[in-house]
């Protein structure tokens with residue numbers, strides 16, 4: 673009886689959950705079609721119905737931003753959709769690049785009192 | 002005779018149908034998911050105070066982090082130290098807050114609380130086990146010494162991060 677109630681409550685609460693996912697955890701940079709530019713292929717899954725836009729960033733181990741190129745710095749990912757995106761990094765920046773991150777962007781005009789911004793960072797696999 | 006033959010043919014065809022495999026393939030990747038379960042609500046128990054404490058009419062924020070593989074990620078929570086939007090404020094706001102481990106899917110995750118690292122308004126947890134961990138974030142803002150907060154809409158931002166190790 674109790675297990676059914678817990679299951680029912682779980683289902684009710686699960687419907688209001690929102691999630692942000694990004695893979696792979698350890699992306700590998702491979703040479704791109706442009707000389708001296710490397711590329712990592714990433715996948716973002718948006719299960720946050722309160723978020724539509726995510727910002728891509730590339731950082732050093734000290735969290736300093738590094739230049740990179742992608743289809744767009746801020747990407748639109750609709751609710752319950754996956755987005756494949758590529759991050760291009762110059763070979764000169766390669767030894768310094770450590771993290772590729774995506775951060776949810778929240779609307780300024782929201783009426784919510786507190787907001788949760790989520791950020792997921794993958795660590796670039798460095799060749800020994 | 003015909004009936005027996007029909008039964009035999011049926012059995013043969015049925016047994017050949019059982020031999021057909023229909024594989025379902027799947028792959029579990031190491032990944033981290035940040036689930037925002039409750040965004041949190043500020044209660045307004047005193048004219049100069051906004052707080053998420055339930056006893057003061059607030060609701061604490063609850064964020065769940067799922068990791069598929071052990072020891073691949075660390076979680077980092079930043080509780081607010083400013084309003085992201087508010088009416089014009091001409092006095093200082095004193096901010097306090099904390100992040101604690103709530104529910105856990107694996108008993109060993111309870112140790113995250115003792116091992117957490119706190120600095121400024123940031124709390125870091127080393128996610129050494131696979132599974133789900135719920136984190137509860139509290140925030141309180143106190144205006145001036147005891148000045149009344151101007152009327153208007155206030156919004157503050159909690160940042161939840163999952164960083165590959």
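Protein chains in written order, with the numbering used here: chain P, 673 to 800; chain L, 2 to 166.
Backbone N, C-alpha and C define an ideal beta-carbon position, used for all residues, glycine too.
With distances taken between CB atoms, is the gap from residue 694/P to residue 733/P smaller than 9 angstroms?
no
Ignore the nearest five residues each way along the sequence and tell me which others in residue 686/P's own chain have a CB closer than 7 angstroms to its CB.
Confidence at residue 686/P is low in this model, with a pLDDT of 40, below 50, so the placement of that residue should be treated as unreliable; the coordinate-derived value is given next. There are no such residues.
Can you tell me which residues form a DSSP beta bridge with residue 692/P?
718/P, 35/L
How would you list, in chain order, the residues of chain L whose beta-carbon sits under 7 angstroms from the beta-carbon of residue 788/P?
37, 40, 62, 64, 159, 161
Using a Cβ-Cβ distance cut-off of 9 angstroms, determine whether residue 133/L contacts chain P.
no
For residue 73/L, return the contacting residues in chain P, with the cut-off set at a CB-CB distance below 7 angstroms.
697
Going by beta carbon distance, what residues of the same chain come within less than 6 angstroms of residue 113/L, once the five residues before and after it are set aside?
Result list for residue 113/L: 102, 126, in chain order.
Examine the Cβ distances between the region 134–142 of chain L and the region 62–69 of chain L and report whether three or more of them are shorter than 8 angstroms.
Contact between the region 134–142 of chain L and the region 62–69 of chain L is present, because at least three Cβ pairs lie under 8 angstroms.
Under 9 angstroms, do residue 77/L and residue 124/L count as touching if we go by C-beta distance?
Cβ distance < 9 angstroms, so residue 77/L and residue 124/L count as in contact.
Enumerate, from N- to C-terminal direction, the unbroken beta strand (DSSP E) stretches of 3 or more residues contained entirely within the region 38–69 of chain L.
44–47, 50–52, 62–68
Does the CB of residue 792/P have a neighbour CB from chain L at under 9 angstroms?
yes
Closer than 9 angstroms, CB to CB, is residue 137/L near chain P or not?
At least 9 angstroms separates the CB of residue 137/L from every CB of chain P.
From which residue to which residue does the beta strand (DSSP E) around residue 114/L run?
Unbroken run through residue 114/L is the alpha helix (DSSP H), 113–116; no beta strand (DSSP E).
DSSP state of residue 109/L, grouped into three classes?
helix
Which stretch, first to last residue, makes up the beta strand (DSSP E) that contains residue 85/L?
Note, residue 85/L: beta strand (DSSP E), 84–86.
With a threshold of 9 angstroms between beta carbons, is residue 52/L in contact with chain P?
no
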